[in-house]
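Respectively, the protein sequence lines represent chains A and B.
Residue numbers are given in the numbering used here: position 140 of the first sequence equals residue 140, and the series is strictly consecutive.
Residue numbers are given in the numbering used here: position 279 of the second sequence equals residue 279, and the series is strictly consecutive.
Protein chains: 2
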Amino acid sequence: MAILVVGSVAFDSIETPHGKVDHCLGGAATHFALAASYFTDVRVIAVVGEDFLPEHEAVFAKRGIDTRGIERAPGLSFHWTGAYAGTMNEAETLGTDLNVFEKFEPKIPGAYTDSEYLFLANIDPVLQARVRSQMPRARMVCGDTMNYWISAHGESLAKVLRDLDVLLINDGEARMLSGEQNAVRAAERVLAMGPKSLVMKHGEYGATGFFSERSFAGASVPKPFRAPAMPLSEVVDPTGAGDSFAGGFYGYIASQPELTPAVFRRAMFYGGVMGSLACERFGTERLQKATRAEIDARFEVFREISHLD
Amino acid sequence: MAILVVGSVAFDSIETPHGKVDHCLGGAATHFALAASYFTDVRVIAVVGEDFLPEHEAVFAKRGIDTRGIERAPGLSFHWTGAYAGTMNEAETLGTDLNVFEKFEPKIPGAYTDSEYLFLANIDPVLQARVRSQMPRARMVCGDTMNYWISAHGESLAKVLRDLDVLLINDGEARMLSGEQNAVRAAERVLAMGPKSLVMKHGEYGATGFFSERSFAGASVPKPFRAPAMPLSEVVDPTGAGDSFAGGFYGYIASQPELTPAVFRRAMFYGGVMGSLACERFGTERLQKATRAEIDARFEVFREISHLD
Chain A
1 MAILVVGSVA FDSIETPHGK VDHCLGGAAT HFALAASYFT DVRVIAVVGE DFLPEHEAVF
61 AKRGIDTRGI ERAPGLSFHW TGAYAGTMNE AETLGTDLNV FEKFEPKIPG AYTDSEYLFL
121 ANIDPVLQAR VRSQMPRARM VCGDTMNYWI SAHGESLAKV LRDLDVLLIN DGEARMLSGE
181 QNAVRAAERV LAMGPKSLVM KHGEYGATGF FSERSFAGAS VPKPFRAPAM PLSEVVDPTG
241 AGDSFAGGFY GYIASQPELT PAVFRRAMFY GGVMGSLACE RFGTERLQKA TRAEIDARFE
301 VFREISHLD
Chain B
1 MAILVVGSVA FDSIETPHGK VDHCLGGAAT HFALAASYFT DVRVIAVVGE DFLPEHEAVF
61 AKRGIDTRGI ERAPGLSFHW TGAYAGTMNE AETLGTDLNV FEKFEPKIPG AYTDSEYLFL
121 ANIDPVLQAR VRSQMPRARM VCGDTMNYWI SAHGESLAKV LRDLDVLLIN DGEARMLSGE
181 QNAVRAAERV LAMGPKSLVM KHGEYGATGF FSERSFAGAS VPKPFRAPAM PLSEVVDPTG
241 AGDSFAGGFY GYIASQPELT PAVFRRAMFY GGVMGSLACE RFGTERLQKA TRAEIDARFE
301 VFREISHLD
């Protein structure tokens, strides 16, 4: 079933110990859409500027992603500049040029309104809420956010969290959102804010799924689930790994008839698979060229490195 | 089969967000021995002072641990003072009074020389090497170390590493020892220094086992193995969690006829089980009162929270 994602389509300038790239295609919605496209149909809502060329459009088209919701505006696209050093677990943001994104007013094409799965990538929660309200028939809504929105736009964010099926954030964001240092208690508090389930991402250590009594109708509340991450000897560029995780996770869920605890667990493995692929090359290079067979082979590696027998 | 552990038996004064304890029984060999005692026979080599009373001796005796190698010396026992705050992932050391430990000369009782499994807990690598050389018939030798020995006693440590079966250290120590930030490459470098296998501990995120072609005779080199940690809503006191992990890990291995990849993986789960139990109370309180049934039940929880089906 189709996933509609709203978020940024942008250009990234990135420096890591492995090199430097200038203005490569990036943005949360881009990474998410590419990762999810290996599992299901994906539709994108975003805004880009005049620097978004046919060659960039082709990246989406080649993966069969519906770009009718990508609006063109006069000016330049959103541009992020960042660098990674040391353990490469966190980016240092060197510049954020919002450009056309500053006045982004998401518009949902008529052809998108039947999307059953909605993903609210990391953008202003006011916009997340606006898109959400225009998709009343969405069967499932997942979302992401970040420190900036948590600290400065908490009230708008609270409204978005209230009816989210799954929130995907990292440890630090969960701690900030909940005011709790202990991860389990942080998860409990976050779930009390609305999300039925929480996927807490731990970077190179994998992710933990936390569940509430609302996670799976009729089923008992599962214990937290720990998914591993791929031990990578070369992390070329971690930019977009979290969005790629979300894409693999949600793409797999949307490809399944029903969300069960077993589907959720497998979805977390697929999230890890797509996140690890994303790190192997700069920008979206690796995600453009994966194959489903390769993805499923890595899924089996995830099983092998985490299962007793 | 019997494990001989050499290391510290000490007193700890600890402050955490959950409270404060003064001079409770601790030390790496103590936590290790208690954790391992649920799986196999354990013998301890350490030195204590006049403050080590029959009530402390009883803690070992109740778990059937052989204390004939715990030497009594005039003066006070090793005393560590530390505190935890925030995420509680790292202790702040407030004081280290070596006392009788300063002149520790490990002596191996005759009754101990047939121990097939040797554990070199975190002490001066010169002493680790001395004990190692007195146990030429040991079938397997595992060890631990810490930042202090890595940075200031690298040469002595290198000798110990050279013929270790398994080295158990945390991420930061592996990075420091190898000079590599990437965990996989850090592991490769550490394995090149001698240890046949490496268990890299990630605190609340579990642990990763890394293997070399010397890990399992005749078998192909397994991929790294990721063991989860227990999601704990209350970490009362993480002191000794790493030593308890080592005790559970090595105790299980010593209880098995042969070290296979499957035994290694299960041992990592048992390590996580004992480490998580240790965190639930101050000092060794929780490790004194566990039962094997409870340990095996938690092992099954570890399986449940990490396995797809």
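Virtual Cβ for every residue (Gly too), placed ideally from N, Cα, C.
Model, not experiment: these values are computed from the prediction.
Is it the case that the Cβ atoms of residue i and residue j are separated by a distance below 8 Å?
i	j	result
A/Phe-60	A/Gly-247	no
B/Gly-251	B/Tyr-38	yes
B/Val-5	B/Phe-104	no
A/Ile-305	B/Pro-224	yes
B/Ala-278	B/Ala-229	no
B/Ile-14	B/Asp-237	yes
B/Val-160	B/Arg-137	no
A/Glu-204	A/Asn-89	yes
A/Gln-128	A/Ile-108	no
A/Thr-284	A/Gly-26	yes
A/Ala-219	A/Pro-261	yes
B/Pro-106	B/Arg-130	yes
B/Ala-35	B/Leu-287	yes
What's the C-alpha gap between residue i and residue j?
i	j	result
B/Ala-2	A/Ala-187	42 Å
A/Val-126	A/Ala-267	28 Å
B/Ile-65	B/Arg-214	32 Å
A/Ala-158	B/Val-100	57 Å
A/Val-42	A/Phe-249	13 Å
A/Ala-58	A/Cys-142	27 Å
B/Glu-258	B/Gln-181	34 Å
A/Phe-299	A/Val-273	6 Å
B/Leu-53	B/Phe-282	19 Å
A/Val-263	B/Lys-62	46 Å
A/Lys-20	A/Ala-83	9 Å
A/Tyr-270	A/Phe-245	7 Å
A/Leu-94	A/Asp-22	13 Å
B/Arg-185	A/Ser-156	43 Å
A/Phe-302	A/His-202	16 Å
B/Ser-276	A/Asn-170	22 Å
B/Glu-55	B/Cys-24	11 Å
B/Trp-149	B/Ala-192	18 Å
B/Ser-115	B/Ile-253	14 Å
How is residue i classed by DSSP in three states: helix, strand or coil?
i	result
A/Leu-34	helix
B/Ser-197	strand
A/Gly-251	helix
A/Gly-86	coil
B/Leu-167	strand
A/Arg-137	coil
A/Arg-281	coil
A/Gly-75	coil
B/Lys-20	strand
A/Ala-207	strand
B/Asp-124	coil
A/Ser-13	strand
A/Val-184	helix
B/Leu-94	strand
A/Ala-46	strand
A/Phe-216	coil
B/Gly-240	coil
Could you pull out every residue in the same chain whose Cβ sits closer than 7 Å to the Cβ of residue i, ignoring the five residues on either side in sequence?
i	result
A/Asn-122	Gly-7, Ala-28, Asp-144, Thr-145, Met-146
B/Val-190	Leu-167, Ala-174, Leu-177, Ser-178, Leu-198
A/Gly-194	Leu-161, Arg-162, Asp-163, Leu-164
B/Phe-211	Ser-197, Val-221, Pro-222
B/Arg-139	Glu-116, Tyr-117
Which same chain residues end up closer than 6 Å to residue i when comparing Cβ atoms and leaving out the 5 residues on each side of it in sequence?
i	result
A/His-79	Phe-11, Asp-97
B/Ser-255	Phe-39, Thr-40
A/Ala-91	Gly-82, Tyr-84
A/Ala-227	Gly-206, Ala-207, Met-268, Phe-269, Gly-272
B/Thr-16	Tyr-84, Asp-237
Mind checking residue i: buried by the 16 CB within 10 Å criterion, or exposed?
i	result
A/Thr-208	buried
B/Thr-30	buried
A/Ala-46	buried
B/Arg-72	exposed
B/Arg-265	buried
B/Asp-243	buried
B/Ala-293	exposed
A/Ala-183	buried
Which residues in the same chain have their Cβ closer than 8 Å to the Cβ of residue i, if we skip the five residues on either side of it in sequence?
i	result
B/Pro-74	Gly-49, Glu-50, Val-100
A/Leu-76	Gly-49, Glu-50, Asp-51, Asp-97, Asn-99, Val-100
A/Gly-172	Asn-147
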